[in-house]
Amino acid sequence: MTLIAASRKQVSHIPEHLITWLYAQGSLTQQLTDLADGVFKVEPTEEHFQRLNFLDSQWMNMPNQHTAWVRESSLYGCERDAWVKAKSIFPILSLQKRARLFQHIGRKPIGKFLFQRTNPACERRVLLLEDGWTRQSCYTWHGCKFIVQETFLPAFEQFLESKSLK
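UniProt numbering puts the last residue of the sequence shown at 166; the count rises by one with no breaks.
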């Protein structure tokens with residue numbers, strides 16, 4: 001896994017309780033399910049086609065302004081409020097290959113399919129976005145490239161903090 005950070009200043013300000021989550025390898029789906037004692041839910045909020053932005057197209061070595069299918073979801077553990085805001089970006093070229101299954105998974109987590117009997121190549125960058133600390137992962141899975149972005153929301157941070165106090 002290749003790790004890229006937005007800036008040294010930002011990385012030095014990552015809350016201690018989020019560092020392992022932002023840099024963890026493997027399935028976030030499984031890690032959140034384990035943390036929540038088996039409880040995990042995906043609520044898709046939006047699915048649409050859009051053009052790749054310049055940075056994402058460069059990162060995936062795709063043509064500039066290439067069209068992608070985008071799935072946005074909220075991920076829930078054992079709490080009422082969402083823990084993670086997720087956004088997956090699948091270029092049309094990937095949807096014409098094996099990754100086309102991701103366009104039709106509904107409420108199922110991407111990680112359930114992505115890490116099933118495979119360990120895909122992954123490049124990662126960690127950013128501080130408006131909604132919170134975010135990890136963006138560019139996966140290469142069966143020859144298909146796509147980005148999965150996961151923003152850890154305040155409810156997740158509060159859950160981690162309350163768990164550490166026990």
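C-beta: ideal position from N, C-alpha, C; glycine also.
C-beta contact flag for residue i and residue j at 8 angstroms
i: residue 57; j: residue 148; result: no
i: residue 140; j: residue 120; result: yes
i: residue 90; j: residue 146; result: yes
i: residue 77; j: residue 42; result: no
i: residue 29; j: residue 111; result: yes
i: residue 59; j: residue 122; result: no
i: residue 27; j: residue 45; result: no
i: residue 62; j: residue 95; result: no
i: residue 51; j: residue 65; result: yes
Inter-residue CB distance, residue i and residue j (contact presumed, cutoff 8 angstroms)
i: residue 107; j: residue 144; result: The Cβ separation is near 22 angstroms, so there is no contact.
Rounded straight-line distance, which links the Cα of residue j to that of residue i
i: residue 7; j: residue 67; result: With a pLDDT of only 45 at residue 7, under the threshold of 50, the placement of this residue in the model should not be trusted; the figure read from the coordinates follows. If I take the Cα positions, the gap works out to 29 angstroms.
i: residue 150; j: residue 136; result: 6 angstroms
i: residue 69; j: residue 86; result: 14 angstroms
i: residue 100; j: residue 125; result: 25 angstroms
i: residue 21; j: residue 15; result: 11 angstroms
i: residue 71; j: residue 25; result: 21 angstroms
i: residue 114; j: residue 104; result: 14 angstroms
i: residue 33; j: residue 142; result: 25 angstroms
Chain-order list of residues whose beta-carbon lies under 7 angstroms from that of residue i (same chain, five-residue window excluded)
i: residue 155; result: 79, 81, 82 and 83
i: residue 116; result: none
Neighbourhood of residue i by C-beta, 8 angstroms cutoff - its chain only, sequence neighbours within 5 removed
i: residue 18; result: 133, 152, 157 and 160
i: residue 23; result: 3, 124, 126 and 135
Neighbourhood of residue i by C-beta, 6 angstroms cutoff - its chain only, sequence neighbours within 5 removed
i: residue 49; result: 67 and 69
i: residue 36; result: 77 and 78
field: Start-end ranges of the alpha helix (DSSP H) lying completely within the segment 104 to 160, minimum 4 residues
entry: Taking only runs of at least 4 residues, the alpha helix (DSSP H) segments lying wholly in the segment 104 to 160 are 110 to 114.
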